[in-house]
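Data block below; observations after.
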Amino acid sequence: MRTFSITDVGMVRKMNQDYVFCSNNPIGSLSNLFLVADGMGGHNAGDYASKCCVENMITAIEHSNLKSPISILEQALQKANAAVYETAESDVALQGMGTTLVAATILGTEMYIANVGDSRAYLIREYIHQITEDHSWVEAMVRKGEIDRKDARLHEKKNVITRAIGMGPMVQADFFEISLEEGDILAMCTDGLSNMVEDEEIFEIVKNSESIESAGKELIRTANANGGKDNIGLILVQI
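According to this note's numbering, the sequence shown is numbered sequentially starting from 47.
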């Protein structure tokens with residue numbers, strides 16, 4: 047496997063509230079681990095939330111006695127959620143903070159993914175497929191047929207998410223298991239990329255780049271060239 051990870055503050059924000067973790071080496075019982083988080087909250091709170099979430103996920107996985115990748119991710123995700131929630135409840139400066147999270151691990155030819163919020167995981171093969179489903183107000187309206195998907199990208203409530211790490215004492219996550227093929231590429235990103243670069247353009251950039259490193263750098267450049275309205279967090283994993 048080849049991996050590449052990067053975060054970028056973008057062209058508008060002064061603080062980077064995105065946080066990524068990318069390890070090809072074992073973490074606890076998992077052979078590898080990839081995490082992308084997009085924090086939200088007031089001054090410093092979003093940046094603290096994403097870092098707190100990722101660090102607690104890693105610690106929980108390192109100490110887990112479970113064997114199933116999905117069970118390990120679920121347990122760690124709940125512990126990370128509790129850590130963010132309890133910290134926010136005990137510190138007035140951090141009240142209301144939260145973070146999205148998309149997590150992935152690969153075991154042989156199987157990939158296991160967990161997500162909360164609107165950060166995304168894509169499978170890039172001879173096409174691009176969004177694996178995760180955004181937990182957002184506009185996505186809910188699109189699924190109800192009340193908003194056209196093309197209009198959703200520019201909707202004024204685009205950034206309103208319906209699930210996040212730290213919003214309550216427990217959190218509901220979605221889990222996915224995907225069978226992989228040689229040459230597949232996993233792309234994990236925050237909405238700072240997906241809001242600025244269309245899925246088909248992400249696909250074209252990744253497929254036409256010489257390496258995933260050059261693809262990652264070009265994706266960041268393109269997102270910023272298109273406005274860079276938010277922080278950008280990105281992990282690429284090539285099988």
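Using N, Cα and C, we set each Cβ at its ideal position, and we do this for glycine too.
As the structure is a computational prediction, the values presented were derived from the model and not from experiment.
Worksheet item: Can you round the beta-carbon distance between ILE285 and ASP245 to whole angstroms, since I take them to be within the 8 Å contact cut?
Response: About 20 Å separates the two Cβ atoms, so there is no contact after all.
Worksheet item: Taking just the CA atoms, how far does SER255 sit from ALA106?
Response: 36 Å
Item to complete: Could you please give the first and the last residue of the uninterrupted alpha helix (DSSP H) stretch that includes GLN124?
Response: 115 to 136
Worksheet entry | 9 Å Cβ cutoff, SER182 in contact with chain B | Within the model displayed, chain B is absent; a lone protein chain is all it includes.
Item to complete: Spatial neighbours of GLY56 within its chain, please: CB distance less than 7 Å, with the 5 preceding and 5 following residues excluded, ordered by chain position.
Response: GLY238, ASN270, GLY274, LYS275, ASP276, ASN277 and ILE278
Practice prompt. Could you round the C-beta distance between ALA95 and GLY88 to whole angstroms and report it? I think they count as a contact, below 8 Å.
Written response: Rounded, the Cβ-Cβ distance is 11 Å, inconsistent with contact.
Worksheet item: With a CB to CB cut of under 7 Å and the five nearest residues on each side skipped, what residues in its chain are close to VAL82?
Response: VAL66, VAL148, SER165, MET234, CYS235, THR236, GLY279 and ILE281
Fill in: Contact under 9 Å by Cβ, THR49 with PHE80
yes
Worksheet item: On the three-state DSSP scale, how would you describe SER110?
Response: coil
Discussion item. Considering only the alpha carbon of each residue, which of SER75, LYS60 and ALA126 lies closest to MET213?
Written reply: ALA126
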